[in-house]
Each structure stands twice: as structure tokens, then as C-alpha cells.
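Quick note on my numbering: the sequence shown kicks off at -1 and runs consecutively.
Below is one structure; the comments refer to it alone.
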Amino acid sequence: MNKKLAAALSGGAVLVLALSGCSDDSDDKVNDWAKKVCDQVQPQLQKIANANAAIQQQTADNSKPADVQKTDSAAFQQISQAYKALGTAVQEAGAPPVDDGETTQKEAVKELNASSVAYANLKTKVDDLDTDDQAKFADGLKGIADELNKISTNGDQALQKLQSGDVGSAMAKQKGCQRPTASAPPASGPSADASKSPSPEASASKKA
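Quick look at the structure:
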């Protein structure tokens, strides 16, 4: 019953700042900016990745609704917090030293913060599902998966812009902005700090 949700998370959603290293002609100022951001990005990407892994683990047809709810709620909270931290990292780094850098930075921060709010709302919706009625619960999860797909398709433009050109090339060289490997969290779901992480599959491929 959680399969559609897991598919939505890993297939389309999200992230951001998970670049595959490529060219390398950016100047020192751009590289310095990218390092400042990427050093703070990696722990958040790891949290998102681990959160997605927790949801993936809870996809068996015989998973109990209460267990699925607990896992998904914790995962969405973790992802929401990670996006907020990503927004703060980009904000605190200042505008990248490129044309239109200030606008690009502001739009990226706005998008990251909006994603944080969207995942917080998903957590609330999961918490409100009726775990006593399996059919209703499954329908509720389907609705949440549909919303997840919208989150991943609406927006992301500002982040793509941030990761293009010289800035994108510089970020792609930073280890902190590379796609992390999820460390499988306990099946009960992500609750520790270091346990969740992002699903940068989609956007990683579109970068640099």
C-alpha cells in the first residue's frame, strides 16, 4: 500500500543539489561559494536519502497501517527539516558571484523553503489518516502520493538555475553536493538525526 508513495518519492521528487561532477572551468570565487554551500548540503541530502529509504522499506503489502503511518510521518518531518536547512545554507552563503547571482539565490531559497512547508503539510496529512480502516488508509496514501508528484514537478526551476552554468559546474565538483547513498534506517522509520536522506535521483540527472 505504500508502494505508490515510495515510487513518487524516488522517481520524481526532488532534489536538488545532487549533481554529477562534470566540467571544471569555474573561477576561485565561484568555487569558494560552492564549497561553502556544499559543505552544509551533504548532511541534509543524507537525511533526505535515508528518509526515502525508510519509506521504501515500509512498502510490503502486509505492512500494518500504523507502522506505515509512523514511518512516513517521521520521514516527511525529516525531509521538511532538511529542506529548511538547505534553504538556510544557500541563504547564508550569500549570492553566488555570477550574473544575476542575487536573484538566483533568492529564488532557490524560496523554493527550498516552499518544499520544507510542503513536506510538513504531508506529515500532517499522514498523521490524520485513519489507520483502523485499511481501505481508507490506502486511499489516503494514494492522495499523498499524488501530492508528492506535484511537489516534485512544480518548482525546482530555481534550483535548476542555481545548478547551471559556472555555479553548477563548481557545485558538481564538491563532494558535499554529490548524491549520497542511503543508509538503511530501522524499519520503524527515521527518527534519528543522521538517518534520513534525500532522493536526488530526478534532479541529479538534469544537472550541469
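Yeah, the Cβ is synthetic: ideal placement off N, Cα and C, and Gly gets one too.
What did DSSP end up calling residue i once you bin it into helix, strand or coil?
{"i": "residue 184", "result": "Legend: pLDDT at residue 184 = 45, less than 50; position of this residue unreliable, value from coordinates given subsequently. The answer is coil: DSSP assigns residue 184 none of H, G, I, E or B."}
{"i": "residue 176", "result": "strand"}
{"i": "residue 163", "result": "helix"}
{"i": "residue 57", "result": "coil"}
{"i": "residue 98", "result": "coil"}
{"i": "residue 92", "result": "coil"}
{"i": "residue 62", "result": "coil"}
{"i": "residue 127", "result": "coil"}
Leaving out five residues on either side along the sequence, give the residues of the same chain with a beta carbon under 8 Å from the beta carbon of residue i.
{"i": "residue 36", "result": "15, 169, 172, 173, 174 and 175"}
Compare the Cα-Cα distances from residue i to each of the options and report the closest residue.
{"i": "residue 144", "options": "165, 120, 134 and 126", "result": "120"}
{"i": "residue 91", "options": "81, 103 and 98", "result": "103"}
{"i": "residue 110", "options": "122, 128, 99 and 89", "result": "89"}
{"i": "residue 33", "options": "167, 148 and 45", "result": "167"}
Sorted by chain position, which residues of the same chain lie with C-beta nearer than 6 Å to residue i's C-beta, five sequence neighbours on each side aside?
{"i": "residue 40", "result": "174"}
{"i": "residue 96", "result": "164 and 165"}
Checking 7 Å against the spacing of the C-beta atoms, do residue i and residue j come in under that value?
{"i": "residue 84", "j": "residue 42", "result": "yes"}
{"i": "residue 53", "j": "residue 4", "result": "yes"}
{"i": "residue 129", "j": "residue 67", "result": "yes"}
{"i": "residue 38", "j": "residue 87", "result": "yes"}
Ordered along the chain, which non-local residues of its own chain (more than five positions away) have a Cβ less than 7 Å from that of residue i?
{"i": "residue 140", "result": "2"}
{"i": "residue 124", "result": "67, 70, 71, 74 and 142"}
Does any residue of chain C have a CB that is nearer than 7 Å to the CB of residue i?
{"i": "residue 45", "result": "Within the model displayed, chain C is absent; a lone protein chain is all it includes."}
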